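In my numbering, the protein residues as written are 79 to 737. Glycine included, C-beta positions come from ideal geometry on N, C-alpha and C. Keep in mind it's a predicted model, so treat the numbers as computed, not measured. Below is one structure; the comments refer to it alone.
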Amino acid sequence: MQNKSFSSKGYVFPGVWQKYTDAYADSLRMPEEYFGEIAKQALYWKKPWDKYFEYDPPIHRFFIGGLTNYSYLLDLYEKSWRKDKVAFYWEDELGNTRALSYHDLFREVNRFAQVLKNLDVKKGDRVGIYMPMVPEAIVAILATHRIGALHVIVFSGFGAEGLASRLDDSKSKLLITADGTFRRGKFLELKKIADSALEKATSVEKVIVFKRWKEEKANMRKARDFWWHELMAEVPNNVYVEPEWLEANDPIYIMYTSGTAGKPKGIVDTSSKLVWLYANMLWAFDLNKENRKRETWFFTGDIGWAGGMWFTVYTTPLFGLSSVFYEGAPDYPKPDKFWELVEKYKATVFYTSPTVFRLSMTYGDEWVKRHDLSSLRVIGSVGEPLNAEVWNWVFEVIGNRKVPVIDTYGQTETMLTILPPYFIDKIPLKPGSATLQVPGIEAAVLNEYGQPAKTDEKGLLVYRMPFKVPSIFLTVWGDVERFGEKNWSGDNEFVNSVYYDAFRGYFYTSDVAMEDKDGYFWLLGRADDTLKIAGHRIGTAEIENAFLFHSAVGAAMVVGKPDVLRGELAVSFIVLKQGNNPSIELAEELRRTVRKVLGAFVVIEKVYFVKRIPTNRSGKVMRRIGRALVGGMPLGDTSTLDDPTTIHELQNAIKDSGY
Ligand code: ATP
Ligand code: MG
Numbered sequence: 079m080q081n082k083s084f085s086s087k088g089y090v091f092p093g094v095w096q097k098y099t100d101a102y103a104d105s106l107r108m109p110e111e112y113f114g115e116i117a118k119q120a121l122y123w124k125k126p127w128d129k130y131f132e133y134d135p136p137i138h139r140f141f142i143g144g145l146t147n148y149s150y151l152l153d154l155y156e157k158s159w160r161k162d163k164v165a166f167y168w169e170d171e172l173g174n175t176r177a178l179s180y181h182d183l184f185r186e187v188n189r190f191a192q193v194l195k196n197l198d199v200k201k202g203d204r205v206g207i208y209m210p211m212v213p214e215a216i217v218a219i220l221a222t223h224r225i226g227a228l229h230v231i232v233f234s235g236f237g238a239e240g241l242a243s244r245l246d247d248s249k250s251k252l253l254i255t256a257d258g259t260f261r262r263g264k265f266l267e268l269k270k271i272a273d274s275a276l277e278k279a280t281s282v283e284k285v286i287v288f289k290r291w292k293e294e295k296a297n298m299r300k301a302r303d304f305w306w307h308e309l310m311a312e313v314p315n316n317v318y319v320e321p322e323w324l325e326a327n328d329p330i331y332i333m334y335t336s337g338t339a340g341k342p343k344g345i346v347d348t349s350s351k352l353v354w355l356y357a358n359m360l361w362a363f364d365l366n367k368e369n370r371k372r373e374t375w376f377f378t379g380d381i382g383w384a385g386g387m388w389f390t391v392y393t394t395p396l397f398g399l400s401s402v403f404y405e406g407a408p409d410y411p412k413p414d415k416f417w418e419l420v421e422k423y424k425a426t427v428f429y430t431s432p433t434v435f436r437l438s439m440t441y442g443d444e445w446v447k448r449h450d451l452s453s454l455r456v457i458g459s460v461g462e463p464l465n466a467e468v469w470n471w472v473f474e475v476i477g478n479r480k481v482p483v484i485d486t487y488g489q490t491e492t493m494l495t496i497l498p499p500y501f502i503d504k505i506p507l508k509p510g511s512a513t514l515q516v517p518g519i520e521a522a523v524l525n526e527y528g529q530p531a532k533t534d535e536k537g538l539l540v541y542r543m544p545f546k547v548p549s550i551f552l553t554v555w556g557d558v559e560r561f562g563e564k565n566w567s568g569d570n571e572f573v574n575s576v577y578y579d580a581f582r583g584y585f586y587t588s589d590v591a592m593e594d595k596d597g598y599f600w601l602l603g604r605a606d607d608t609l610k611i612a613g614h615r616i617g618t619a620e621i622e623n624a625f626l627f628h629s630a631v632g633a634a635m636v637v638g639k640p641d642v643l644r645g646e647l648a649v650s651f652i653v654l655k656q657g658n659n660p661s662i663e664l665a666e667e668l669r670r671t672v673r674k675v676l677g678a679f680v681v682i683e684k685v686y687f688v689k690r691i692p693t694n695r696s697g698k699v700m701r702r703i704g705r706a707l708v709g710g711m712p713l714g715d716t717s718t719l720d721d722p723t724t725i726h727e728l729q730n731a732i733k734d735s736g737y
């Protein structure tokens with residue numbers, strides 16, 4: 079069970095995958111039958127679709143002519159036993175709580191939809207949502223959708239620049255925000271940041287402000303700014319707003335990518351993508367009818383990135399679950415905040431990112447062990463490769479060797495595509511692998527010449543085009559108008575071409591992967607992070623994983639540094655677990671560990687011990703920052719960096735010349 083390397087073929091939770099193989103074959107042979115059935119389960123269709131699929135390169139359309147509105151699910155729950163079920167358990171860092179039942183959600187969404195209509199927001203308008211993790215953010219998102227407007231969620235940790243550029247790019251006409259939010263015990267004044275963003279984002283005409291704490295923090299501007307509670311007080315409690323019936327391919331939101339590689343892209347999705355969301359969550363978390371009645375769901379991601387929006391705000395009503403919705407930092411006031419929440423709300427699903435696991439590892443097992451986590455049925459991970467060592471730790475310490483730990487791979491553009499399809503088959507898990515491609519997806523690994531890579535050979539992950547399933551996004555915001563000209567081929571004029579022009583006939587993910595003999599996919603990091611040492615290509619995730627074999631290492635970031643002789647050398651930034659101290663001996667031990675796991679060619683030029691490694695707002699390691707610093711290159715766009723002071727930390731470590 080202890081798998082010690084990436085290419086390990088060891089299984090955990092032995093199972094079968096015959097049903098999966100059949101389902102996969104069916105999905106490609108008859109996608110309309112397969113996904114039509116799922117679409118009917120997922121959403122209410124006011125009018126059935128006329129045609130399943132149309133491909134008008136590079137635009138994919140699904141369920142053409144079908145009319146739906148996701149928020150109508152709330153109407154259905156209002157008429158069912160779920161009416162009184164808790165939809166969201168909210169809690170903040172200080173332990174203040176609120177609970178929102180499905181009835182409350184139905185009422186609040188209708189009332190706020192009326193508020194938006196009163197402010198003349200219409201179908202197709204863009205509404206910026208710069209909100210803390212409070213229930214009103216959920217209400218704002220669903221109400222915006224109900225009236226057919228597009229929500230543009232901007233992470234509340236962004237500064238004025240990040241907010242302004244997203245509001246401006248999307249030409250949002252309304253902004254919904256709050257006076258502020260609490261994070262690590264401090265009050266972050268969002269409205270102040272919004273005010274300064276609005277000097278640049280001139281498309282915004284009106285602002286709705288939710289009062290999180292104090293009125294005087296909001297600096298309300300007459301005629302432009304409105305209090306949430308005052309607008310809500312004007313609409314009757316029982317107001318009903320008929321959902322705007324949307325064609326399945328009408329845009330419903332713009333979600334900006336995490337900006338790990340560079341400038342974030344505004345991904346535009348449609349209602350048909352919510353069918354894909356339903357399928358994703360159903361498969362991965364085995365949300366059968368019985369499970370979904372009982373499930374208390376806890377996805378920890380912020381609504382400001384695709385994961386939080388999909389896996390909390392949309393998934394919860396999609397399956398009628400109860401969800402934990404937490405405002406604050408994972409390790410505040412103490413490192414066990416998340417475990418406290420799992421125990422208190424008896425969460426059955428805990429779904430998070432590898433950063434959260436790595437953070438917990440560095441704090442030490444005791445913080446987890448002091449809580450009863452026996453309610454957990456499944457633990458999920460998304461956002462970055464889940465190294466085998468971290469997997470083992472999660473399996474042992476959090477799951478107590480009883481709970482499957484599943485890795486789910488995806489992108490803002492295509493949602494999840496590789497995951498253990500637990501609903502279909504209890505397939506065996508291999509630590510370090512996100513397992514199998516899901517029905518309807520035709521993933522492949524290509525070498526740099528565009529030829530299929532061999533079994534266990536590293537290459538670039540792509541999907542065959544056209545997609546037969548609504549996994550694929552509609553477009554990148556801003557490209558859509560230009561499609562009229564039908565001149566998308568080859569000239570790099572469109573942002574979309576990043577995806578479509580790299581390999582003809584394929585969608586390019588920009589990620590490195592390999593496929594093993596059982597068809598399991600191993601995600602090895604981003605193509606732009608890959609190192610080439612003495613002719614060998616090696617993913618950063620592989621080297622970082624090797625570091626983690628050493629018991630003193632809590633987290634590792636590896637980047638390449640140009641070298642005349644070998645092409646590139648690996649430079650490492652290491653966070654030690656509590657109780658370990660930097661030393662030249664330890665650095666040597668770590669080098670030995672890496673050589674033992676990966677081979678002597680992996681020369682670690684430097685070991686820099688640091689307290690934190692740079693991550694972006696969605697918790698992803700931003701290796702390009704490290705790469706720029708060690709290579710003496712410009713830093714590029716740093717607006718998505720979670721904590722800009724990590725830059726100084728790395729700079730100082732480099733200045734001290736490391737080990
Ligand atoms: P940008 O596209 O702006 O550079 P980003 O790619 O980080 O940012 P997201 O769409 O949030 O934005 O993240 C998708 C990426 O995250 C994937 O392309 C992949 O690199 C990584 N990723 C997500 N889940 C996994 C996973 N389970 N295993 C490995 N990598 C993952
Ligand atoms: Mg990306």
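DSSP, read as helix, strand or coil, puts Gln515 in strand. Here Phe233 is buried: its Cβ has 16 or more other Cβ atoms, across all protein chains shown, within 10 Å. Looking at the backbone, the Cα of Val317 and that of Met310 are separated by about 11 Å. In this model, Tyr392 and Pro640 are separated by some 44 Å (Cα to Cα).
The beta-carbon separation of Val680 and Val672, rounded to 6 Å, stays under the 8 Å limit for a contact. Annotation note: the segment 169–229 contains the following uninterrupted alpha helix (DSSP H) runs of length 4 or greater, listed N- to C-terminal: 180–196, 213–224. When C-alpha distances from Trp323 are compared across Leu194, Gly477, Gly704, Lys124, the shortest belongs to Lys124. Excluding the 5 residues flanking it on each side, Met387 has same chain C-beta neighbours closer than 8 Å at Ile219, Ile231, Tyr331, Met333, Ile381, in chain order.
For Leu106, the secondary structure class from DSSP, reduced to helix, strand or coil, is helix. The closest CA to that of Phe389, considering only Glu368, Ala407, Tyr356, is found on Tyr356.
With a threshold of 16 other beta carbon atoms within 10 Å, Thr374 meets it and is buried. Relative to ligand 1, even the nearest heavy atom lies 7 Å or more away from the CB of Gln119.
Asp414 and Asn659 have their alpha carbons spaced roughly 23 Å apart. Within the DSSP bridge table, the entry for Pro640 names Glu646 as partners.
Taking a contact as a CB-CB distance under 8 Å, the pair Gly258 and Arg299 does not count as one, their CB atoms being some 16 Å apart. For Thr671, the enclosing alpha helix (DSSP H) stretches over residues 662–676. Here Asn174 is exposed. Its C-beta has fewer than 16 other C-beta atoms within 10 Å.
The beta carbon of Ala275 lies closer than 6 Å to those of Ala238, Leu241, Ala242 in the same chain, with the five residues before and after it left out. In the DSSP assignment, Asn694 forms a beta bridge with Leu719. Distance check between Thr495 and each of Leu360, Tyr737, Val434 places Leu360 closest, using alpha-carbon atoms only. Spanning the alpha carbons of Val319 and Ala706 requires a straight line of approximately 52 Å. Closest in alpha carbon position to Ser717, among Arg302, Phe265, Thr338, is Thr338. Note on Arg185: 16 or more other CB atoms within 10 angstroms of its CB, so buried under the neighbour-count rule. Within the chosen limit of 7 Å, ligand 2 reaches the beta carbon of Ser588 through at least one heavy atom. Distance from the CA atom of Gln119 to the CA atom of Asn525, rounded to whole angstroms, is 39 Å.
Under the three-state reduction of DSSP output, Ala522 falls in the strand class. The criterion of a C-beta distance shorter than 8 Å is not satisfied by Tyr150 and Ala362. Contact annotation: Pro463 and Leu676 have beta-carbon atoms that are not nearer than 8 Å. Residue side-chain check: Ala339 places its Cβ nearer than 7 Å to a non-hydrogen atom of ligand 2. With a cut-off of 7 Å, the C-beta of Val232 is classified as distant from ligand 1, since no heavy atom of the ligand falls inside that distance. For Tyr686, the enclosing beta strand (DSSP E) stretches over residues 682–687.
Residue side-chain check: Thr433 keeps its Cβ at 7 Å or more from all non-hydrogen atoms of ligand 1. Inclusion of Thr255 and Tyr208 in the CB contact set at 8 Å is warranted, their separation being smaller than that value.
The Cβ atoms of Asp170 and Phe260 sit closer than 8 Å to each other. Listed in chain order, the alpha helix (DSSP H) elements of length 4 or more contained wholly in the segment 420–471 are 432–441, 444–447, 466–471. Look at Lys292 here: in three-state DSSP terms it is coil, with no helix or strand label.
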